[in-house]
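Following: one structure in structure tokens, then a few remarks.
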Amino acid sequence: MIGGDRHLALAEVGARGIAWPVPFDIAPVLALRGQPVAVLASGDPFWFGAGGSLAQHLDAGEWQAFAAPSTFAWAASRLGWRLEAVHCFGLHAAPFARTRQALQQGQRLLCLLRDGKAVVDYASWLTSQGGGASRLWVMERLGGPRERLRQTTARACDFSDVVAPVAVAVEVLGLQGLARTPGRPDTDFAHDGQITKSPMRAITLAALAPRQGEHLWDLGAGCGSIAVEWCLAGGSASAVELRADRVANIEANVLRFGLDAVLTVLQGAALPALRDLPPPDAVFVGGGFDLALFDALRAVVPPGCRLVVNAVTLETQSALLQLHARYGGELLQIDVAQAAPLGRMRGWQPSRPALQWSTRL
1 MIGGDRHLAL AEVGARGIAW PVPFDIAPVL ALRGQPVAVL ASGDPFWFGA GGSLAQHLDA
61 GEWQAFAAPS TFAWAASRLG WRLEAVHCFG LHAAPFARTR QALQQGQRLL CLLRDGKAVV
121 DYASWLTSQG GGASRLWVME RLGGPRERLR QTTARACDFS DVVAPVAVAV EVLGLQGLAR
181 TPGRPDTDFA HDGQITKSPM RAITLAALAP RQGEHLWDLG AGCGSIAVEW CLAGGSASAV
241 ELRADRVANI EANVLRFGLD AVLTVLQGAA LPALRDLPPP DAVFVGGGFD LALFDALRAV
301 VPPGCRLVVN AVTLETQSAL LQLHARYGGE LLQIDVAQAA PLGRMRGWQP SRPALQWSTR
361 L
């Protein structure tokens with residue numbers, strides 16, 4: 001039998017029990033493949049549990065599961081919350097920023113946490129995001145004889161005696177969350193000025209047309225704003241950037257938006273990186289595009305892959321004009337100007353005109 005220390009103690013299996021290693025690893029189970037093995041896991045093992053991790057390494061006939069109510073189900077039943085209207089997160093080994101997209105006034109979250117200390121850590125993080133007034137319910141050992149539920153706020157949470165397994169329910173107060181549409185403010189991103197500006201980013205994401213589960217290559221990524229917004233729309237991305245300082249900005253944005261599970265950052269030139277990237281559904285090139293890169297993309301991407309290129313230099317725009325004449329697609333010239341101080345009055349401050357080419361390879 002393999003499980004957590006608590007499970008093994010409750011089952012009274014003695015020497016027959018093997019505790020999960022820390023950090024969590026399914027290797028002890030796979031090492032016993034072909035032998036009768038029982039895995040003890042909390043609630044529904046396929047909702048942020050060991051079941052999903054194990055099933056992808058085993059054949060269908062090698063295992064069977066006996067699911068019980070999940071921690072989310074227990075928590076919702078204690079609070080009277082409609083589970084379909086709640087954001088559920090497994091934060092055992094994930095950054096707290098994974099919850100950032102749900103931090104909107106009035107939204108409800110259920111978060112599975114690693115241990116008792118993580119409760120205060122999450123409350124402190126939530127307070128640092130401006131959500132100190134949010135209501136918290138700390139729920140320990142749900143469904144068992146030693147179940148306990150306590151209510152507090154994020155700012156006041158200072159429990160030092162929380163016992164795992166533990167979940168935290170949150171009713172968000174005092175926060176205006178992330179916009180759900182692309183073109184989020186430039187100030188949301190870490191950048192050095194090398195960023196696809198908000199209006200241009202919205203137009204670019206519309207051309208890229210992200211769909212749930214699709215993968216993007218963001219080549220010449222700058223601060224990674226296009227890749228970030230693609231991932232926030234439900235996809236995954238590989239961001240390739242040559243400069244180390246800009247790679248650091250991309251990594252900061254990955255952490256800021258909680259996208260570590262879906263956005264991979266690579267430092268280097270785009271051309272040699274192509275064959276090491278997972279197959280894309282779409283490609284965006286924001287810098288460093290030329291005819292050689294186009295030919296390389298045609299050779300490696302799947303048929304029908306969407307390509308969007310933004311160009312501000314005359315040389316790159318000339319290449320896009322050639323390619324559009326030969327291969328078709330959509331060619332769009334984008335001029336954006338913003339109101340800015342002009343002496344004692346205001347005037348239009350134009351950005352550099354951009355040429356955008358979108359096509360299918």
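The sequence shown runs 1 to 361 under UniProt numbering. For each residue, glycine too, the CB sits at the ideal point set by N, CA and C.
- The region 160 to 235 contains, as complete alpha helix (DSSP H) runs of 4+ residues, the segments 198 to 208, 225 to 232 (chain order).
- Note that the C-beta distance between L355 and A311 is below 8 Å.
- Between R98 and G132, the C-beta spacing is not below 8 Å.
- With a cutoff of 8 Å on beta-carbon distance, V163 and G116 are scored as near each other.
- Between V168 and W137, the CB-CB gap stays under 8 Å.
- With a threshold of 16 other beta carbon atoms within 10 Å, P272 falls short and is exposed.
- Listed in chain order, the non-local C-beta contacts of D335 below 7 Å within the same chain comprise P350, P353, local neighbours out to five positions each way being set aside.
- Between the alpha carbons of G3 and P280 lies a gap of roughly 38 Å.
- V119 carries a helical assignment under DSSP once its states are collapsed to helix, strand and coil.
- The beta-bridge partner set that DSSP reports for F89 consists of C111.
- When the alpha-carbon of R150 is set against those of E214, R78, R100, the nearest one is in R78.
- For P272, the enclosing alpha helix (DSSP H) starts and ends at 270 to 273.
- Taking the C-beta atoms as reference points, E229 is found no nearer than 8 Å to R275.
- Here L242 has A269 as same chain residues with Cβ atoms under 6 Å from its own Cβ, once five neighbours each way along the sequence are excluded.
- In the DSSP assignment, the residues bridged to F284 are D218, V308.
- Here A319 is not near C305, since their CB atoms are 8 Å or more apart.
- The beta carbons of S134 and L173 sit closer together than 8 Å.
- Residue Y327 holds the alpha-carbon nearest to the alpha-carbon of D295 among Y327, G258, Q317, L314.
- Between the region 249 to 269 and the region 209 to 225 there are three or more C-beta pairs closer than 8 Å, enough to call the two in contact.
- Looking at the backbone, the Cα of M139 and that of D158 are separated by about 14 Å.
- Residue nearest to E330 within the set V309, R346, M345 is V309 (criterion: CA-CA distance).
- In this structure, DSSP gives R78 a helical state, which the three-state scheme calls helix.
- Collapsing the DSSP output to three states places V254 in a helix.
- Pairing G286 with G220 gives a Cβ-Cβ distance under 8 Å.
- According to the DSSP assignment, R243 belongs to no beta strand (DSSP E), since it is labelled neither H nor E.
- When the five nearest sequence neighbours on each side are left out, the beta carbons in the same chain lying within less than 7 Å of the beta carbon of P278 are those of H215, S238, in order along the chain.
- Rounded to whole angstroms, the gap between the alpha carbons of L103 and D121 is 16 Å.
- Pairing L142 with W47 gives a Cβ-Cβ distance that is not under 8 Å.
- As the crow flies, the alpha-carbon of S70 is around 4 Å from that of G43.
- A direct Cα-Cα distance of roughly 6 Å separates P341 from G347.
- Per the C-alpha coordinates, the member of P210, A94, L40, A15 positioned closest to A68 is L40.
- Per DSSP, the beta bridge partners of Q356 are N310, L332.
- In the same chain as D186, and ignoring 5 residues on each side of it, the C-beta atoms closer than 7 Å to its own belong to I195, K197, S198, in chain order.
- Distance from A15 to L8 at the Cβ level is roughly 10 Å; contact not present, criterion being Cβ atoms closer than 8 Å.
- Secondary structure note for G106: it is in no beta strand (DSSP E), with a DSSP letter that is neither H nor E.
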